[in-house]
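K.L.:
Below you'll find the structure I mean.
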Amino acid sequence: MKRFGMPALIGISFLICIVPAWLGWYSNYIQFIITLIGINIILTVSLNLINGYMGEFSVGHAAFMGVGAYTSSLLTVYLLTENPFFGKAILPEELSILIFPISLLIGGVAAALFSLLIAIPSFRTRGDYLAIVTLAVNFIFKSAIENVDAIGGPRGFMGMGKVVKAMDNLVSFPWLIFWTFLVVVFSIFIIRNFINSTMGKSIVAIRDDEIASELMTVNTRWLKIVAFMLSCGLAGVAGGLHAHTVTFINPSSYFILQSTYILVMVYLGGMGSLSGSVISAILFTILLEMLRPLDVWRWVATPLLLIILMLFRPTGIMGSRELLDVFPKLKKYFSSLQERLTNAFIKS
Amino acid sequence: MPLLKVDKLTHYFGGLRSVDNFNLELNENELVGLIGPNGAGKSTVFNLVCGLYRPTEGTITFNGHNLIGRYPHQITSLGIGRTFQNIRLWNELSVIDNLRIAHFSQIDYKLLDSLFFTGRLVRDEQKVTEEAMDLLDKFNLVPYIKELPRNLPYGIQRRVEMCRALVMKPNLLLLDEPAAGMNQGEIGELINLVRWVKDEFKVTVWIIEHQMRVIMNICERIQVLDFGSIIAEGTPKEIRDNPLVIKAYLGEEVT
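Chains A and W are the protein sequences, given in the same order.
If you're matching positions, the first sequence starts at 216 in this note's numbering and goes up one per residue.
If you're matching positions, the second sequence starts at 844 in this note's numbering and goes up one per residue.
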C-alpha cells in the first residue's frame, strides 16, 4: 500500500496556507496569525518530545526559543541592514533570501548547543531536577540579555522587519509563511521518524522504566541528551521565525509567560501525541487571538484554561493517542514503517 | 576460563554491609542457583554484576572484560540478559516494541538515519523486527505481539520478559526469582522453560529463586547467601543436607 497520506496532507495545507497568501487574498493580519500558528506547532511538537514522550519536565522552553531568536535576528540585522546597533550593512540586501534560512539554521544550532550545556549536568538524575534547572535557565537568559546593552538590553532589539521587507522587495512572495511552513513540515517529519524508530521509541521506554531500559542495553543518558538537544534546536529555529514575524523582540518575549503558553499547548494536546500537539497549537493560537479584546485579562484567562483542563480532561484533547487511533480507517494511508513491518509478519 | 568470575565482591549500603566477600566462577553452559533468606543480598549481587551499584571492593570479569566502572547498558551489551523480581516490562509499549527496543545496542543505523528515514533505517528496522518475531515465535508469543504487557496474564508476562532478556544474544542469563507469584502448575512450566532456554540459546543461567522446587530441580550447583556472605555451596543434595543452610534458610521445611 502506497502511503500517499502524508504528501496529500502537506499539499492541502500548502494550498490553504501559502497559495492564497501569495495571491494576496489574505490580509497581513491573517498572514501573521498563520505564521504564529506554524511557530506554535513547532514549539509544541518539540516540547512534547521532552515532556510527553521522554517524561522529563522542561518548563523553560522559551529560553531556547529566545536563544534562537536573538542569534538569528542579530545575524540577519547585522549582515543585511543599516541599523543603530551595528551601523552599515555588510552584505547587499539581495542576499537576504539566502541569509534568512541560514540564520534560522544557525539559531537552531545555537539553541541546541546551549541546551547541551544544560543537558549534561541535568540528566545525571531524574525527576524534578530538569524542571528546576530549565526554570533557572529561563531567568538566566532574560537577565543575561537585559544586561547586554549592545543589543538593546531590556529595551529590546529590532530591525528584522527590514530583512523581511528586503526579501519581499526582491521577490514578492510570503517568505515568512513559506519558511514557517517548511520548518513545521520538517519538524513533524523528523520527530515522527524519530519517535517511530526503535532508537527514538526508546525514550518512551525510558519514561516507562529507566533502569529496565538501561539494563536492556539502551544508552539512556546519551539518548536523553540527544532528544533534549533535538527539541531545543527546533525551538531555536521557531524562535528565529518568531523574531522575524513580530519584528521586535525583547528579553521578556521569551520568559515564563511564553514558556507557560508552550506548556499549555502541550498539555492541551496530550502528552505524547503529535497530532494532538498540532491540533492544540492551532486551537490555542486562534483562541488567544479571539481573546485579544480581553486585553490584560488574557493573562488570567489562559492559566484558568490550564486549570480547567487539568480538572476535567487531565490527559488533554488526545491523551497519548494519535489521530490515527481515533480514526483507524485512515491507518492504511499513514501507518509507520514499523507498524507495517509488524503487520506484514502477522499476515505471513 | 570461566565465563563470569566474581572475586571478593564486597558492597556497602551506607554503613550496612550488604555483600561480603562474594566469590563465584560460572562456567559456560552451567545452571547455577543463588538462594538465601529475604534481604540476604541476592538481588544486590545481580545489581552489582549489572553495574547498577558500584562495588566497594572486588572484581567482576565477564568473558575477559572487566565489568567494574562500566555503565549498565555497556555491561548488558556484552551479552548479559536479565529479568527482574517484579516484572519490569515497558507497560506503555506493545510486546513487539518491548522486544525491538531491547535491540538498542544492536541497531547499526545512526541518529541521522532515524531522523531522515534513510534506506539504512528501513533495512535495519526490518532486521530488528524479523529477529524479534523469530524470538517471539519460539516462545509461542506471536498472538500477543500487539498487546500492552500489563494486559497480559502474569505467566505470559514472565515469558515475555525472559524473551526480551534473550534479545541481546546473551551468553549469561540472570533470572531474578522467575517463579515469584506463580502457582504450582505454572512453576512446572517454568522449570521446563528454563531448561529449554538453556539448551536452545546455549546460555549460562544464573538464577535467584525462593521456590525450592525450582532450585532443587534445575540447578547443577547452588550457593547459599546469608547476611551478604556465602554460607554454603554445592550440589542440590549437599545443600539440602547442610545443617547451616537448614538453620539459616530452610528451617523446618526440610524435616
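Using N, Cα and C, we set each Cβ at its ideal position, and we do this for glycine too.
As the structure is a computational prediction, the values presented were derived from the model and not from experiment.
Which same chain residues end up closer than 8 Å to Ile944 (chain W) when comparing Cβ atoms and leaving out the 5 residues on each side of it in sequence?
P.N.:
Residue mapping note: residue 944 (chain W) aligns to position 101 of the second sequence, counting from 1. Excluding residues within five positions, the ones whose Cβ falls inside 8 Å are Trp933 and Leu936.
K.L.:
How about Glu968 (chain W): is its C-beta nearer than 8 Å to some C-beta of chain A?
P.N.:
Within the second sequence, residue 968 (chain W) is the residue found at index 125, counting from 1. With 8 Å as the cut-off, Glu968 (chain W) counts as an interface residue toward chain A.
K.L.:
Going along the chain, which residues of the region 393 to 420 of chain A sit with their C-beta nearer than 7 Å to a C-beta in chain W?
P.N.:
Correct list: Ile405, Asn408, Phe409, Ser412, Thr413, Met414, Gly415, Lys416, Ser417, Val419 and Ala420.
K.L.:
Nearest to Asn1014 (chain W) by CA position, among W:Asn872, W:Glu990 and W:Arg966, is which residue?
P.N.:
Sequence index remark: in the second sequence, residue 1014 (chain W) carries index 171 (1-based). Taking only the C-alpha atoms, the option nearest Asn1014 (chain W) is W:Asn872.
K.L.:
Along the chain, where does the beta strand (DSSP E) that runs through Gln1066 (chain W) open and close?
P.N.:
As a working note, residue 1066 (chain W) is residue 223 in the second sequence. Residues Arg1064 to Asp1069.
K.L.:
Grab me the residues of Gln1054 (chain W)'s own chain with a C-beta within less than 7 Å of its C-beta, minus the 5 sequence neighbours each way, in chain order.
P.N.:
Walking along the second sequence from the start, residue 1054 (chain W) turns up at place 211. Correct list, in chain order: Ala1022 and Ile1030.
K.L.:
Would you identify the three-state DSSP class for Met567 (chain A), choosing helix, strand or coil?
P.N.:
The question about residue 567 (chain A) has no answer here: the residues shown for chain A are numbered 216 through 563.
K.L.:
How many angstroms separate the CA atom of Ala277 (chain A) from the CA atom of Leu506 (chain A)?
P.N.:
Position 62 of the first sequence, counting from 1, holds the residue named residue 277 (chain A). Position 291 of the first sequence, counting from 1, holds the residue named residue 506 (chain A). When rounded, the distance between both Cα atoms is 22 Å.
K.L.:
Mind pulling the chain A residues with CB within less than 9 Å of Trp1039 (chain W)?
P.N.:
Reading the second sequence from its first residue, position 196 is the one you call residue 1039 (chain W). Correct list: empty, because the minimum Cβ distance to chain A is about 22 Å.
K.L.:
Looking at the structure shown, is Gly302 (chain A) part of a helix, part of a strand, or coil, going by DSSP?
P.N.:
For the purposes of this step, residue 302 (chain A) is taken as residue 87 along the first sequence, with counting starting at 1. Strand at Gly302 (chain A).
K.L.:
Unbroken alpha helix (DSSP H) runs of length 4 or more, entirely within the region 280 to 343 of chain A: which are they?
P.N.:
The qualifying runs are 311 to 337.
K.L.:
Per DSSP, what kind of secondary structure is Ala542 (chain A) in: helix, strand or coil?
P.N.:
Here residue 542 (chain A) refers to the residue found at position 327 of the first sequence. In the sequence on display, residue 542 (chain A) carries Phe and not Ala. Coil.
K.L.:
Taking Cβ positions only, does Cys1062 (chain W) come closer than 8 Å to chain A?
P.N.:
Locating residue 1062 (chain W) in the second sequence gives position 219, counting from the first residue. It does not; no Cβ of chain A falls within 8 Å.
K.L.:
If contact means a Cβ-Cβ distance below 8 Å, which residues of the region 541 to 563 of chain A contact chain W?
P.N.:
Per Cβ criterion, the list reads Leu552, Gln553, Leu556, Thr557, Phe560 and Ile561.
K.L.:
Based on the DSSP secondary-structure assignment, which residues constitute the bridge partners of Tyr997 (chain W)?
P.N.:
Within the second sequence, residue 997 (chain W) is the residue found at index 154, counting from 1. The partner list for Tyr997 (chain W) (beta bridge, DSSP) is empty, contrary to what the question assumes.
K.L.:
Quick one: what's got a C-beta closer than 8 Å to Met421 (chain A)'s C-beta in the same chain, skipping five residues either side?
P.N.:
Walking along the first sequence from the start, residue 421 (chain A) turns up at place 206. The sequence given here places Ile at residue 421 (chain A); Met does not occur at that position. So the list reads Met269, Gly270, Ser428, Val433, Thr435, Leu438 and Lys439, once near-sequence residues are dropped.
K.L.:
What distance in whole Å lies between the Cβ atoms of Gln553 (chain A) and Glu968 (chain W), which are believed to be in contact at a cut-off of 8 Å?
P.N.:
On the second sequence, position 125 is the one that residue 968 (chain W) refers to. On the first sequence, position 338 is the one that residue 553 (chain A) refers to. With a Cβ gap of about 6 Å, Glu968 (chain W) and Gln553 (chain A) count as contacting.
K.L.:
For the region 1068 to 1087 of chain W against the region 895 to 902 of chain W, do three or more pairs of beta-carbon atoms, one drawn from each stretch, fall closer than 8 Å, so that the two count as touching?
P.N.:
No, because fewer than three Cβ pairs between the region 1068 to 1087 of chain W and the region 895 to 902 of chain W fall closer than 8 Å, the two stretches do not touch.
K.L.:
Three or more C-beta pairs under 8 Å: does that hold for the region 254 to 269 of chain A against the region 484 to 497 of chain A?
P.N.:
Output reads yes: the region 484 to 497 of chain A touches the region 254 to 269 of chain A.
K.L.:
Kindly confirm or deny that the region 358 to 368 of chain A and the region 475 to 484 of chain A touch, where touching means at least three C-beta pairs closer than 8 Å.
P.N.:
No, the region 358 to 368 of chain A does not touch the region 475 to 484 of chain A.
K.L.:
What did DSSP end up calling Ala278 (chain A) once you bin it into helix, strand or coil?
P.N.:
Working through the first sequence from its first residue, we reach residue 278 (chain A) at position 63. Ala278 (chain A): helix per DSSP, three-state reduction.
K.L.:
Kindly indicate which three-state DSSP category Met373 (chain A) falls into: helix, strand or coil?
P.N.:
In the first sequence, counting from the first residue as 1, residue 373 (chain A) sits at position 158. Three-state result, Met373 (chain A): strand.
K.L.:
Using only the alpha-carbon positions, how far apart do Val515 (chain A) and Thr286 (chain A) sit?
P.N.:
Within the first sequence, numbered from 1, the residue matching residue 515 (chain A) stands at position 300. Within the first sequence, numbered from 1, the residue matching residue 286 (chain A) stands at position 71. Rounded to the nearest angstrom, the two C-alpha atoms are 31 Å apart.
K.L.:
When you check each C-beta in the region 921 to 933 of chain W against every C-beta of chain A, which residues fall closer than 8 Å?
P.N.:
Listed by position along the chain: Arg925, Phe927, Arg931, Leu932 and Trp933.
K.L.:
Counting only Cβ pairs nearer than 8 Å, list the residues of chain W close to Ala427 (chain A).
P.N.:
Here residue 427 (chain A) refers to the residue found at position 212 when the first sequence is read from its first residue. Those are Phe927, Arg931, Leu932 and Trp933, listed as they occur along chain W.
K.L.:
Would you decide whether Val1097 (chain W) is buried or exposed? Buried here means 16 or more other CB atoms lie within 10 Å of its CB.
P.N.:
For this step, residue 1097 (chain W) is matched to residue 254 along the second sequence. Its pLDDT being 46, under 50, Val1097 (chain W) is placed unreliably in this model, and the value from its coordinates should be taken loosely. Flag for Val1097 (chain W) reads exposed.
K.L.:
Contact check, Ala327 (chain A) vs Gly451 (chain A) under 8 Å by CB: the rounded distance?
P.N.:
Residue mapping note: residue 327 (chain A) aligns to position 112 of the first sequence, counting from 1. Residue mapping note: residue 451 (chain A) aligns to position 236 of the first sequence, counting from 1. The Cβ separation is near 6 Å, so the contact holds.
K.L.:
With DSSP as the reference, label Leu958 (chain W) as helix, strand or coil.
P.N.:
Stepping through the second sequence from its first residue, residue 958 (chain W) is reached at position 115. Of the three classes helix, strand and coil, the one that applies to Leu958 (chain W) here is helix, per DSSP.
K.L.:
With DSSP collapsed to three states, give me the class of Ser490 (chain A).
P.N.:
Counting from one through the first sequence, the residue named residue 490 (chain A) turns up at place 275. Here Ser490 (chain A) sits in helix by DSSP.
K.L.:
The region 321 to 332 of chain A: which residues have C-beta closer than 7 Å to a C-beta of chain D, in chain order?
P.N.:
Absent from the structure: chain D. Protein chains present are A and W.
K.L.:
What are the start and end residues of the alpha helix (DSSP H) that includes Asp940 (chain W)?
P.N.:
Within the second sequence, numbered from 1, the residue matching residue 940 (chain W) stands at position 97. Val938 to Ile944 is the span of the alpha helix (DSSP H), which, as asked, contains Asp940 (chain W).
K.L.:
Taking the alpha-carbon positions, what's the Leu556 (chain A) to Thr972 (chain W) distance?
P.N.:
Indexing the first sequence from 1 puts residue 556 (chain A) at position 341. Indexing the second sequence from 1 puts residue 972 (chain W) at position 129. Taking the straight line joining both Cα atoms gives about 7 Å.
K.L.:
Residues of chain W with CB closer than 7 Å to the CB of Leu430 (chain A), please, in chain order.
P.N.:
Here residue 430 (chain A) is taken as the residue at index 215 of the first sequence, counted from 1. Under the 7 Å cutoff, chain W gives Cys893, Pro915, Thr919 and Arg925.
K.L.:
Give the straight-line distance between the Cα atoms of Ile426 (chain A) and Ile497 (chain A), rounded to the nearest whole angstrom.
P.N.:
Within the first sequence, the letter at position 211 stands for residue 426 (chain A). Within the first sequence, the letter at position 282 stands for residue 497 (chain A). Each residue's Cα considered, the two are about 37 Å apart.
K.L.:
Chain W beta carbons: is any one of them nearer than 8 Å to that of Val481 (chain A)?
P.N.:
Against the first sequence, residue 481 (chain A) aligns to sequence position 266. So, not an interface residue.
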